[in-house]
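Student: In my numbering, the protein residues as written are -5 to 375. Mind looking over this structure? Questions follow.
The following block contains the structure:
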């Protein structure tokens, strides 16, 4: 395992962090397969991983509710792993209405995680408007106070907004330890993008990368044109390894988060994390990733990462599943609803009442309602 410093914190973190948003489940998002998931976390720590990331919302049955990820992580780490890892979770700013809510959530999270402190406490999912609101509610003073009381070691934030807002958030609070951004070889210009990554790094902040595999879509079920790009190379790297190496090639990145839910995924990621380093990819290898990017972009219709922030829909529309079916149809040039996974979806697009709630909360900024209409036109109701 390789390690890098997180900004100016002095903390040396494994370049591979364990993200707890996509743990193995037993048929429902809020039903974590605790035996399998605990085994994975233990294997990861034994393999050198020392950074665990969770959040209030992860593995919840409905948006806004407390998920099962934090209590699961608390139980798993309490068996002796807590002292071996840096623990990160997030203040759910989407649910904050007044200053006292911040203290209340932090107290609950400390209890759920069975710890007396959180190493990295992120303000979750900021964009320009959310940052303005949280500033006015006193989040900077809250973070300073929580750190003085020893409840958190380092404040940080995750970003899901337009790139113009990113430097403002970086600059308006001196206490940030790092910025967490979405970054992969498909998303170099999305949200904070490469320019935001460099801005944060040059300001002395760490950079933690989420979605390095774009919700797994850069690892499996690639279109034929994209597979051909990698197959033509002499390296024996899998598509997932190409994607992880791209992120770790950037020296400004402190670590990347991977939502591993199988032992095979963990082993592959550990192998990459033991070998990949910054500035290691050749110009020819970077050109290969450019070719793969162009091949994928030519096919994808709905650039959804399946984060499930849009769920549950008030009308029961299963948005991520429908967008996945739409993309499958485009990538595989098929209108077969069974092959594209459409037939098993219960909440189909005709139930949509065009309220727009999903688009307001979508971190990717997708025109979801338009895409839903496309699925109906393609597959029927």
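Glycine residues also receive a C-beta, built at the ideal position from the N, C-alpha and C atoms.
Please say whether residue 311 and residue 343 have beta carbons closer to each other than 8 Å?
Tutor: By one-based count along the chain shown, residue 343 stands at place 349. By one-based count along the chain shown, residue 311 stands at place 317. Cβ atoms of residue 343 and residue 311: closer than 8 Å.
Student: Write down the C-beta distance between residue 298 and residue 249 rounded to the nearest angstrom, noting that I regard them as a contact closer than 8 Å.
Tutor: As a position in the chain shown, residue 298 is number 304, starting the count at 1. As a position in the chain shown, residue 249 is number 255, starting the count at 1. About 25 Å; that fails the 8 Å criterion.
Student: When DSSP builds the beta bridges, which residues end up paired with residue 6?
Tutor: Counting from 1 along the chain shown, the entry for residue 6 is found at position 12. Residue 6 pairs with -1.
Student: If you pair each beta-carbon of the region 138 to 146 with each one of the region 100 to 118, do three or more pairs fall below 8 Å?
Tutor: yes
Student: Hey, residue 172 and residue 145: beta-carbon distance below 8 Å or not?
Tutor: Here the question's residue 172 lines up with position 178 in the chain shown. Here the question's residue 145 lines up with position 151 in the chain shown. No, the Cβ-Cβ distance between residue 172 and residue 145 is not below 8 Å.
Student: If we ignore side chains and look at the alpha-carbon of each, how far apart do residue 320 and residue 225 end up?
Tutor: As a first step, residue 320 is located in the chain shown; it is residue number 326 there, counting from the start. As a first step, residue 225 is located in the chain shown; it is residue number 231 there, counting from the start. Answer to the nearest angstrom: the Cα atoms are 26 Å apart.
Student: Does the count of Cβ pairs from the region 314 to 331 and the region 270 to 288 closer than 8 Å reach three?
Tutor: When C-beta atoms of the region 314 to 331 are compared with those of the region 270 to 288, fewer than three pairs fall below 8 Å, so the two segments do not count as touching.
Student: Report the residue from 283, 176, 130 whose alpha carbon sits nearest the alpha carbon of residue 156.
Tutor: Here residue 156 refers to the residue found at position 162 when the chain shown is read from its first residue. It is 176 whose Cα lies nearest to the Cα of residue 156.
Student: Residue 208: buried (16+ other C-beta within 10 angstroms of its C-beta) or exposed?
Tutor: Position 214 of the chain shown, counted from the start, is the residue given in the question as residue 208. The residue in question, residue 208, is buried, as its Cβ has 16 or more Cβ neighbours within 10 Å.
Student: Take residue 300 as the anchor and find which of 16, 7, 11 has the nearest alpha-carbon.
Tutor: On the chain shown, residue 300 is found 306 positions in, with the first residue counted as 1. Ranked by how close their Cα comes to the Cα of residue 300, the residues 16, 7, 11 have 16 in first place.
Student: Starting from the Cα of residue 206, find the closest Cα among 266, 151, 164, 149 and give me that residue.
Tutor: Residue mapping note: residue 206 aligns to position 212 of the chain shown, counting from 1. For residue 206, the nearest C-alpha among the options comes from 266.
Student: Between which two residues does the alpha helix (DSSP H) harbouring residue 365 extend?
Tutor: Stepping through the chain shown from its first residue, residue 365 is reached at position 371. Taken as a continuous stretch (DSSP letters only), the alpha helix (DSSP H) holding residue 365 covers 362 to 373.
Student: Provide the residue span of the beta strand (DSSP E) that contains residue 68, from first to last.
Tutor: Position 74 of the chain shown, counted from the first residue, corresponds to residue 68. Segment 63 to 71 is the alpha helix (DSSP H) holding residue 68; no beta strand (DSSP E) there.
Student: Please give me, in chain order, every unbroken run of the alpha helix (DSSP H) with length at least 4 that falls completely inside the region 273 to 305.
Tutor: 277 to 291
Student: On the DSSP letters alone, give me the boundaries of the alpha helix (DSSP H) that residue 164 sits inside.
Tutor: Translated into the one-based positions of the chain shown, residue 164 becomes position 170. Taken as a continuous stretch (DSSP letters only), the alpha helix (DSSP H) holding residue 164 covers 160 to 165.
Student: Count Cβ pairs between the region 251 to 261 and the region 32 to 46 that sit closer than 8 Å; are there 3 or more?
Tutor: yes
Student: Do three or more CB pairs link the region 56 to 72 to the region 11 to 28 at distances below 8 Å?
Tutor: yes
Student: Check for me: the beta strand (DSSP E) holding residue 149 runs from which residue to which?
Tutor: The residue given as residue 149 occupies position 155 in the chain shown. Note, residue 149: beta strand (DSSP E), 146 to 153.
Student: Is the number of C-beta pairs between the region 274 to 293 and the region 208 to 220 that are closer than 8 Å three or more?
Tutor: yes
Student: Would residue 189 pass as a contact of residue 84 if the rule is Cβ separation under 8 Å?
Tutor: The residue labelled residue 189 in the question sits at position 195 within the chain shown. The residue labelled residue 84 in the question sits at position 90 within the chain shown. The answer is no: Cβ separation not under 8 Å.
Student: Measuring alpha carbon to alpha carbon, tell me which of 370, 348, 252, 349 ends up nearest residue 8.
Tutor: On the chain shown, residue 8 is found 14 positions in, with the first residue counted as 1. For residue 8, the nearest C-alpha among the options comes from 252.
Student: Let me know if residue 47 comes out buried or exposed under the rule of 16 or more other beta-carbons within 10 Å of its beta-carbon.
Tutor: Residue numbering aside, residue 47 sits at position 53 when the chain shown is read from its first letter. Result: buried.
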